[in-house]
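Undergrad: Residue numbers (my numbering), protein chains in the order written: chain A, 3 to 191; chain B, 3 to 191. We put the beta carbon where it would ideally sit given N, CA and C, even for glycine. Predicted model, so just to flag it, every value in this text is computed and none were measured. Sending over a structure as structure tokens; questions will come in a sec.
There are 2 protein chains.
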Amino acid sequence: MKKSLGAKTIVYPTPVFIVGTYDENETPDVMAAAWGGISCSNPPCVSISLQKHRYTLKNINERKAFTINIPSEKFVCEADYFGIVSGKDENKFEKTGLTPVKSEFVDAPYIEEFPLILECKLLNSIDLGMHVQLNGQIMDVKLDEEAANESGLPDINKIKPLTFDPAGVSYYGIGKLLGKAFNLGKKFR
Amino acid sequence: MKKSLGAKTIVYPTPVFIVGTYDENETPDVMAAAWGGISCSNPPCVSISLQKHRYTLKNINERKAFTINIPSEKFVCEADYFGIVSGKDENKFEKTGLTPVKSEFVDAPYIEEFPLILECKLLNSIDLGMHVQLNGQIMDVKLDEEAANESGLPDINKIKPLTFDPAGVSYYGIGKLLGKAFNLGKKFR
Numbered sequence: 003m004k005k006s007l008g009a010k011t012i013v014y015p016t017p018v019f020i021v022g023t024y025d026e027n028e029t030p031d032v033m034a035a036a037w038g039g040i041s042c043s044n045p046p047c048v049s050i051s052l053q054k055h056r057y058t059l060k061n062i063n064e065r066k067a068f069t070i071n072i073p074s075e076k077f078v079c080e081a082d083y084f085g086i087v088s089g090k091d092e093n094k095f096e097k098t099g100l101t102p103v104k105s106e107f108v109d110a111p112y113i114e115e116f117p118l119i120l121e122c123k124l125l126n127s128i129d130l131g132m133h134v135q136l137n138g139q140i141m142d143v144k145l146d147e148e149a150a151n152e153s154g155l156p157d158i159n160k161i162k163p164l165t166f167d168p169a170g171v172s173y174y175g176i177g178k179l180l181g182k183a184f185n186l187g188k189k190f191r
Numbered sequence: 003m004k005k006s007l008g009a010k011t012i013v014y015p016t017p018v019f020i021v022g023t024y025d026e027n028e029t030p031d032v033m034a035a036a037w038g039g040i041s042c043s044n045p046p047c048v049s050i051s052l053q054k055h056r057y058t059l060k061n062i063n064e065r066k067a068f069t070i071n072i073p074s075e076k077f078v079c080e081a082d083y084f085g086i087v088s089g090k091d092e093n094k095f096e097k098t099g100l101t102p103v104k105s106e107f108v109d110a111p112y113i114e115e116f117p118l119i120l121e122c123k124l125l126n127s128i129d130l131g132m133h134v135q136l137n138g139q140i141m142d143v144k145l146d147e148e149a150a151n152e153s154g155l156p157d158i159n160k161i162k163p164l165t166f167d168p169a170g171v172s173y174y175g176i177g178k179l180l181g182k183a184f185n186l187g188k189k190f191r
């Protein structure tokens with residue numbers, strides 16, 4: 003039996019994207035965003051949605067660039083902190099001791115200590131109401147060598163990414179392998 | 003040490019959204035989409051990206067409506083099957099034995115057996131290249147009573163949602179609770 007909850011932003015899983023930008027003083031900033039996901043395979047694009055008052059939105063509009071930094075479980079406190087305070091008020095790299103690195107392909111910083119980075123060039127944005135949705139073209143993906151599998155691709159069990167639970171307002175890790183995609187479903191054919 | 007992987011659509015976590023639509027013959031169809039996420043808090047919106055040849059895209063453009071159905075772990079084979087075949091070729095509800103139900107607020111079917119449903123009205127779409135990105139306004143969220151916590155909200159541990167690993171081309175469950183959001187980060191203030 004299903005119960006109606008009304009119009010709410012609850013879906014699973016939602017990501018914990020740490021969005022990196024430079025401000026007008028060249029100061030690197032980061033914020034946490036749970037609204038977003040991959041939006042196109044070719045050109046490869048990722049979408050994030052930001053509230054209009056966000057310091058990061060101003061920075062992206064000026065530099066036309068941002069990074070998405072994927073935190074490991076061990077950085078859950080840093081990731082949460084990045085969503086609590088504004089870069090207008092605090093230097094989040096100084097407070098956490100994490101290291102900003104200038105991206106290779108776009109005018110935005112990434113976090114050295116995080117295992118997976120997407121360097122993104124702003125493609126377009128659309129005003130949806132409380133949030134502005136931004137599409138960034140992924141210009142490069144950078145991966146810690148220690149988080150790679152034998153093929154050099156990301157190993158989810160080494161990255162240990164976070165997921166955000168919007169109903170429980172909590173963070174979870176990734177669980178057990180359930181099976182291969184484009185394979186398990188063949189039994190219904 | 004970071005290694006550059008080039009421009010790829012790899013990010014964690016990505017969702018397994020099962021998108022429900024009616025076709026021109028009133029036949030309910032479902033497909034799997036891993037590109038998408040919440041896109042606005044007010045009005046509540048969710049975004050999905052579909053390849054241009056998708057049967058679902060045609061259906062959404064005609065009905066201006068779709069549902070997002072969140073599968074539990076026990077439906078991982080059904081969810082995968084929904085991403086393997088086209089509704090042009092097979093009746094996916096008949097093949098899997100799942101039950102289509104007409105939505106209450108939009109002109110699209112949902113899957114009775116899945117624990118969490120979003121009923122969505124098409125707001126806008128944008129052509130990004132290989133994919134069209136669609137924003138749907140969430141008109142209602144429906145939850146299985148057995149998947150609710152004591153407050154009536156979704157319990158992630160009862161829903162047991164899937165996540166898709168785009169690098170490993172595999173499905174994973176949700177792992178352990180890491181802590182409360184907007185709280186863990188206070189130690190850096």
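Under 9 Å Cβ-Cβ, which residues of chain B neighbour K144 of chain A?
TA: In the first sequence, residue 144 of chain A corresponds to position 142, counting from 1. Neighbours of K144 of chain A on chain B, chain order: K4, K5, S6 and L7.
Undergrad: List the endpoints of the continuous alpha helix (DSSP H) containing A81 of chain A.
TA: Stepping through the first sequence from its first residue, residue 81 of chain A is reached at position 79. Residues V78 to I86.
Undergrad: By a C-beta neighbour count over all protein chains shown, 10 Å radius and 16 as the cutoff for buried, is E80 of chain B buried or exposed?
TA: Locating residue 80 of chain B in the second sequence gives position 78, where the first residue counts as 1. Under this definition E80 of chain B is a buried residue.
Undergrad: Between the segment 132 to 139 of chain B and the segment 148 to 155 of chain A, can you find at least three pairs of beta-carbon atoms closer than 8 Å?
TA: No, the segment 148 to 155 of chain A does not touch the segment 132 to 139 of chain B.
Undergrad: Quick check on this structure: which residue in A:S43, A:N63 and A:Y83 has the alpha carbon closest to the alpha carbon of K182 of chain B?
TA: On the second sequence, position 180 is the one that residue 182 of chain B refers to. Here the closest residue by C-alpha is A:Y83.
Undergrad: Below 9 Å on C-beta distance, what does Y83 of chain A contact in chain B?
TA: Taking the first sequence and counting its residues from 1, one reaches residue 83 of chain A at position 81. In chain order: L186, G187, K188, K189, F190 and R191.
Undergrad: Looking only at C-alpha atoms, which of B:R56, B:Y173, B:N185 and B:G187 sits nearest to P15 of chain A?
TA: For the purposes of this step, residue 15 of chain A is taken as the residue at position 13 of the first sequence. Answer by Cα proximity: B:Y173.
Undergrad: Grouping DSSP H, G and I as helix and E and B as strand, with all else coil, what is T69 of chain B?
TA: Working through the second sequence from its first residue, we reach residue 69 of chain B at position 67. T69 of chain B: strand per DSSP, three-state reduction.
Undergrad: Have a look at A:L186, A:T165 and A:C47 and flag the residue whose alpha-carbon is nearest the alpha-carbon of T98 of chain B.
TA: Sequence index remark: in the second sequence, residue 98 of chain B carries index 96 (1-based). Nearest C-alpha to T98 of chain B: A:L186.
Undergrad: For K160 of chain B, which residues in the same chain have their Cβ closer than 6 Å to its Cβ, ignoring the five residues on either side in sequence?
TA: Residue numbering aside, residue 160 of chain B sits at position 158 when the second sequence is read from its first letter. Cβ neighbours of K160 of chain B beyond the five flanking positions: A149.
Undergrad: Select from the segment 122 to 137 of chain A all residues with a C-beta closer than 8 Å to any C-beta belonging to chain B, and list them in chain order.
TA: Taking 8 Å as the Cβ-Cβ cut-off against chain B, the residues of the segment 122 to 137 of chain A that qualify are L125, N126, I128, L130, G131, M132, H133, Q135 and N137.
Undergrad: Would you call the segment 21 to 35 of chain A in contact with the segment 65 to 76 of chain A, where contact means no fewer than 3 C-beta pairs closer than 8 Å?
TA: Enough Cβ pairs lie closer than 8 Å, so yes.
Undergrad: Since K90 of chain B is in the beta strand (DSSP E), which residue starts that stretch and which ends it?
TA: Within the second sequence, the letter at position 88 stands for residue 90 of chain B. Per DSSP, K90 of chain B belongs to no beta strand (DSSP E) and is neither H nor E.
Undergrad: Which of helix, strand or coil does DSSP assign to F19 of chain A?
TA: Here the question's residue 19 of chain A lines up with position 17 in the first sequence. Looking at F19 of chain A - three-state DSSP - the assignment turns out to be strand.
Undergrad: Anyone know if the C-beta pair for P111 of chain A and P30 of chain A falls short of 7 Å?
TA: Counted from its first residue, the first sequence places residue 111 of chain A at position 109. Counted from its first residue, the first sequence places residue 30 of chain A at position 28. In this structure, P30 of chain A lies closer than 7 Å to P111 of chain A by Cβ.
Undergrad: Taking beta-carbon pairs under 8 Å, can you tell me which members of the segment 35 to 50 of chain A lie near chain B?
TA: Under the 8 Å Cβ criterion, the segment 35 to 50 of chain A contributes A36, W37, G38, G39, I40, S41, C42, S43, N44, P45, P46, C47, V48 and S49.
Undergrad: Could you list which residues in chain A have their beta carbon closer than 9 Å to that of F95 of chain B, in chain order?
TA: On the second sequence, residue 95 of chain B is found 93 positions in, with the first residue counted as 1. Within 9 Å Cβ-Cβ: nothing; F95 of chain B doesn't reach chain A, min ~11 Å.
Undergrad: Compute the Euclidean distance between the alpha carbons of T165 of chain B and I50 of chain B, then round it to the nearest angstrom.
TA: Locating residue 165 of chain B in the second sequence gives position 163, counting from the first residue. Locating residue 50 of chain B in the second sequence gives position 48, counting from the first residue. Rounded to the nearest angstrom, the two C-alpha atoms are 15 Å apart.
Undergrad: With distances taken between CB atoms, is the gap from V108 of chain A to L52 of chain A smaller than 7 Å?
TA: Here residue 108 of chain A refers to the residue found at position 106 when the first sequence is read from its first residue. Here residue 52 of chain A refers to the residue found at position 50 when the first sequence is read from its first residue. Their beta carbons are not under 7 Å apart, which means V108 of chain A does not touch L52 of chain A by this criterion.
Undergrad: Any idea if S74 of chain A is buried or exposed, counting beta-carbon neighbours within 10 angstroms, 16 or more meaning buried?
TA: Taking the first sequence and counting its residues from 1, one reaches residue 74 of chain A at position 72. The residue is buried, with at least 16 neighbouring Cβ atoms inside 10 Å.
Undergrad: In the DSSP assignment, what residue or residues form a beta bridge with F107 of chain B?
TA: Along the second sequence, read from residue 1 onward, the residue named residue 107 of chain B stands at position 105. Beta-bridge pairing links F107 of chain B to no other residue.
Undergrad: For the alpha helix (DSSP H) containing K54 of chain B, list its first residue and its last residue.
TA: The count along the second sequence starts at 1 and reaches residue 54 of chain B at position 52. It is not in any alpha helix (DSSP H) - K54 of chain B carries neither H nor E in the DSSP assignment.
Undergrad: Can you give me the C-alpha to C-alpha distance between I86 of chain A and F184 of chain B, rounded to a whole angstrom?
TA: The count along the first sequence starts at 1 and reaches residue 86 of chain A at position 84. The count along the second sequence starts at 1 and reaches residue 184 of chain B at position 182. Computed Cα separation, rounded: 6 Å.
Undergrad: Buried or exposed: M33 of chain A, going by 16 or more other Cβ atoms within 10 Å of its Cβ?
TA: Taking the first sequence and counting its residues from 1, the one referred to as residue 33 of chain A is at position 31. Result: buried.
Undergrad: How should R191 of chain A be labelled, buried or exposed, when 16 other C-beta atoms within 10 angstroms of its C-beta is the threshold for buried?
TA: Sequence index remark: in the first sequence, residue 191 of chain A carries index 189 (1-based). By the neighbour-count rule (16 or more Cβ atoms within 10 Å), R191 of chain A is not buried but exposed.
Undergrad: Taking N27 of chain B as the reference, which of B:K60, B:P17 and B:H55 has the closest Cα?
TA: By one-based count along the second sequence, residue 27 of chain B stands at place 25. Nearest option by C-alpha distance: B:K60.
Undergrad: In chain B, which residues lie with their C-beta within 9 Å of the C-beta of L179 of chain A?
TA: The residue labelled residue 179 of chain A in the question sits at position 177 within the first sequence. By Cβ distance, chain B contributes D167, G170, S172, Y173, Y174 and G175.
Undergrad: Is the CB-CB distance between V103 of chain A and I12 of chain B below 7 Å?
TA: Here the question's residue 103 of chain A lines up with position 101 in the first sequence. Here the question's residue 12 of chain B lines up with position 10 in the second sequence. No, these two residues do not count as a Cβ contact at 7 Å.
Undergrad: Taking the straight line between their C-alpha atoms, what separation do you get for P17 of chain A and S153 of chain A?
TA: To locate residue 17 of chain A, count along the first sequence from 1; it is residue 15. To locate residue 153 of chain A, count along the first sequence from 1; it is residue 151. For P17 of chain A and S153 of chain A, the distance between alpha carbons rounds to 25 Å.
Undergrad: Quick one: residues in its chain with C-beta nearer than 7 Å to the C-beta of L125 of chain B, no 5 flanking neighbours on either side, listed in chain order?
TA: As a position in the second sequence, residue 125 of chain B is number 123, starting the count at 1. Cβ within range, chain order: C47, N137, G138 and Q139.
Undergrad: Please report the residue range of the beta strand (DSSP E) in which E121 of chain A lies.
TA: Within the first sequence, residue 121 of chain A is the residue found at index 119, counting from 1. It spans L118 to D129 - the beta strand (DSSP E) in which E121 of chain A sits, taken as one unbroken run.
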